[in-house]
Amino acid sequence: MGRNLADLASCTLCGLSATRRRVVVGSGPDHPVLMVIGEAPGRAEDEGGEPFIGPSGRLLFQLIEEVVGLSRARCFVTNVVKCRPPANRTPTRVELRTCRPWLSEQFASVRPTLVLALGNTAARSVFGFTEGIGVTHGRVVELAGGRGLATYHPAAALRGGRSVVDVMRADLAVLKRLVETR
Ligand code: URA
15 MGRNLADLAS
25 CTLCGLSATR
35 RRVVVGSGPD
45 HPVLMVIGEA
55 PGRAEDEGGE
65 PFIGPSGRLL
75 FQLIEEVVGL
85 SRARCFVTNV
95 VKCRPPANRT
105 PTRVELRTCR
115 PWLSEQFASV
125 RPTLVLALGN
135 TAARSVFGFT
145 EGIGVTHGRV
155 VELAGGRGLA
165 TYHPAAALRG
175 GRSVVDVMRA
185 DLAVLKRLVE
195 TR
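If you use this note's numbering, the sequence shown corresponds to residues 15 to 196, in order.
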């Protein structure tokens, strides 16, 4: 039996429900060209209730618009973990395992054509990669009903500067070709 997405906004299935302000469900159109999946909400998202509304989101959607030619409004945006981990720590295995079925429900409901996973945690959780993002970024994955690709998390680009941004641009250029041939 699957979960009912109507219950996501009041989920208490893991300990993050005790410290979050809001469940950051995600938002965007049904059947979008692109579903963008991050790791977990940060402070701005926990307060605002929307994914990627802080500095890393600004960089991310600037790059997607510039390289892929898609505006944020055309993407469904969410995270693998829907509640903010305290002090933005990496979600634990238990938190990831507990939250993952919500993302599966969202896939089934939203039915994106293409999927972009951001950073190591999302890439492993979404595509089942066993290697790190340094190896798996830019690799095209065949999915039931579409295709996917991972790149670095924009927070890594904010920390790592030009070289990370350049790799993200190259990965997003691969994504652009997938958009054009979908
Ligand atoms: N980082 C993420 O992975 N997701 C967000 O929503 C914000 C920052």
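Beta carbons: idealized from backbone N, C-alpha and C, even for Gly. Predicted, not measured: the structure shown is a model, and the values here were computed from it.
Per DSSP, N93 lies in no alpha helix (DSSP H); the unbroken beta strand (DSSP E) holding it starts and ends at C89 to N93. Counting C-beta atoms within 10 angstroms of its own C-beta, Q76 has fewer than 16 neighbours from the protein chains shown and is therefore classed as exposed. Counting only residues of its own chain and dropping the five nearest sequence neighbours on each side, L172 has a CB closer than 7 Å to the CB of P69, S70 and L73. Distance from the CA of R103 to the CA of A170, rounded to the nearest whole angstrom, comes to 14 Å.
Between D185 and L163, the CB-CB gap stays under 8 Å. The closest heavy atom of ligand 1 lies 7 Å or more from the beta carbon of H151.
Relative to ligand 1, L117 has its C-beta separated by 7 Å or more from all heavy atoms. Beyond the five residues adjoining it in sequence on each side, E61 comes within less than 8 Å, by CB distance, of R35 and R36 in the same chain, given in chain order. Cβ-Cβ distances below 8 Å link E53 to N93, V94, V95, T104, P105, L132, G133, T135, A136 and H167 in the same chain, with the five nearest sequence neighbours on each side left out; the list follows chain order.
The beta-carbon separation of C89 and M49, rounded to 7 Å, stays under the 8 Å limit for a contact. E194 counts as exposed, since fewer than 16 other beta carbons sit within 10 angstroms of its beta carbon. The distance from the Cβ of V81 to that of A187 is about 6 Å, consistent with a contact at the 8 Å cut-off.
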